[in-house]
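In the working numbering, each number is its position in the sequence shown, counted from 1, plus 58. Ideal Cβ positions, reconstructed from N, Cα and C, are used throughout, including at glycine. Quantities reported herein were computed from a predicted structural model and do not represent experimental measurements.
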Amino acid sequence: MTIRTHHRGNEYTIEAGDYRAIILQQGAALQSLTWQGKKIVVPSPTDQTVHACCGQILIPFPNRIEDGEYDFDGNHYLLPIDEHDRNNAIHGYGYRAMWDLVSLDAGSVTLSWQTPYLAGYPFDLTVTACWRLSEDGLGLTVTAHNHDSREAPWACAIHPWLFNGSDQAEGDAVDQANGMCHLTIPSDTHVTVNDRLLPTGQEPVEGTTYDLREGPSLEGRPFDDAWTSVDHDPATGLTSAVFTRPDGITVTLSGDRSVTSFQVCTGTGFAPQNRPQGVAVEPQTAYANAFRTGIDLLSIEPDGEVSTTFSFHAEEK
């Protein structure tokens, strides 16, 4: 294990087997993950602002909240608008803060964050993020404990960009590199959205370009979309997205039973200088606008807690 300090705070390097990961103090974010020396996720800069939420934990809500307004338990709340062109609040607060180190050893690091007392989310939570490596891959458990005397709304996601295997691709060329990759999402249901990327309903994937159940290529499939009602393995309880690169490396990104959806973003149309070389695959406990719709929204009881576990596994076929 090593510790270095950058603009984004301390950098914690953990290793096990063929895996090596770097976790940052700001947001407890995943800065990089390699397997046998090969990039599994697109690394994010340590001394620059992060583009496209690369590697971040999205709490207490992932994705968008319409107009930054929501009602919960009889009260109305106003959040800051972060996505100005669409007038949405987006991706919560956790990624902005410097988290406190709880523990660190050769193969794991745990950090914690206390939610700030803000008008838009005045709930007293302690959140821990435990990253751990083993010979099987990288795991993350995010746990939120409610110290308040009232219930607290909660949803959680992670935002890794899975590397497409091409270091040469930049800007629009990323589409070509992404198109050579294959992606499996175990869901029969696609979430429809409006021009603000806010949900308008659900539709079956059968017979559409959104049918990713059999792992099609991403050629001609520009996405910034969610799939819900995901299938979970009855034996393990996991739901898994499978991303296969043309170099033969397959990455399985899984979540436990609290994960109800996946968001997928290919970055199509992003400014070239801001576009990661890969595809964002985001396991979520709730998709966009959950604080307003209540769909899959979790409510943490006073002195209660909720946890979600995610995992990454790489292999070459």
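Tell me, which residues are paired with residue i by DSSP?
{"i": "lysine 375", "result": "In DSSP, lysine 375 forms no bridge with anything."}
{"i": "valine 339", "result": "Val322"}
{"i": "cysteine 188", "result": "Thr168 and Thr199"}
{"i": "glutamate 73", "result": "Arg78"}
{"i": "glycine 313", "result": "Thr297 and Phe368"}
{"i": "glutamine 89", "result": "In the DSSP output, where bridge partners are listed per residue, glutamine 89 has none listed."}
{"i": "glutamate 141", "result": "Asn146"}
{"i": "isoleucine 307", "result": "Glu374"}
{"i": "arginine 62", "result": "Glu69"}
{"i": "proline 257", "result": "Val251"}
Near residue i, which residues of its chain fall below 8 angstroms by C-beta distance, leaving aside the five closest residues on each side in sequence?
{"i": "glutamate 272", "result": "Thr242"}
{"i": "glutamine 83", "result": "Arg66, Gly67, Asn68, Glu69, Tyr70, Met156, Trp157, Leu159 and Leu169"}
{"i": "glycine 362", "result": "His203 and Asn204"}
{"i": "glycine 295", "result": "Asp314 and Arg315"}
{"i": "leucine 137", "result": "Ile123, Gly126, Glu127, Tyr128, Ala147, Gly178 and Tyr179"}
I need the boundaries of the alpha helix (DSSP H) containing residue i, first residue and last residue.
{"i": "aspartate 233", "result": "231-237"}
{"i": "phenylalanine 130", "result": "Here phenylalanine 130 belongs to no alpha helix (DSSP H); instead the beta strand (DSSP E) covers 127-130."}
{"i": "alanine 348", "result": "348-351"}
Which same chain residues, not among the five before or five after residue i, have their C-beta less than 6 angstroms away from its C-beta?
{"i": "glycine 313", "result": "Thr297, Pro341 and Phe368"}
What are the boundary residues of the beta strand (DSSP E) that residue i is part of?
{"i": "threonine 173", "result": "Counting along the chain, threonine 173 falls outside any beta strand (DSSP E), and DSSP gives it neither H nor E."}
{"i": "arginine 122", "result": "122-124"}
{"i": "proline 211", "result": "210-212"}
{"i": "asparagine 133", "result": "133-136"}
{"i": "threonine 242", "result": "240-242"}
{"i": "leucine 220", "result": "219-221"}
{"i": "serine 357", "result": "356-358"}
{"i": "isoleucine 117", "result": "Taken as a continuous stretch (DSSP letters only), isoleucine 117 belongs to no beta strand (DSSP E), as it is neither H nor E."}
{"i": "serine 161", "result": "158-163"}
{"i": "threonine 286", "result": "282-286"}
Within a Cβ cutoff of 7 angstroms, which residues of the same chain sit near residue i, ignoring the five residues on either side of it in sequence?
{"i": "asparagine 332", "result": "His109 and Ala110"}
Count the CB pairs spanning the region 167-182 and the region 322-340 that are closer than 8 angstroms, and state whether there are at least three. They do not touch, by the three-pair rule.
Do the region 134-149 and the region 239-258 touch if we need at least three Cβ pairs shorter than 8 angstroms? Proximity of the region 134-149 to the region 239-258 meets the contact definition, three or more beta-carbon pairs being nearer than 8 angstroms.
Evaluate the contact criterion for the region 109-128 versus the region 347-358: three or more CB pairs, one atom per stretch, below 8 angstroms. They touch, by the three-pair rule.
Touching or not, the region 178-197 and the region 75-91, by the rule of three or more beta carbon pairs under 8 angstroms? The region 178-197, when compared against the region 75-91, does touch it at the 8 angstroms Cβ threshold.
Inspect the CB distances between the region 90-103 and the region 284-293 and report whether three or more fall short of 8 angstroms. Touching, no.
Quick check: the region 203-221 against the region 244-251, are at least 3 beta-carbon pairs closer than 8 angstroms? Three or more beta-carbon pairs separated by less than 8 angstroms are not found between the region 244-251 and the region 203-221, which leaves the two stretches without contact.
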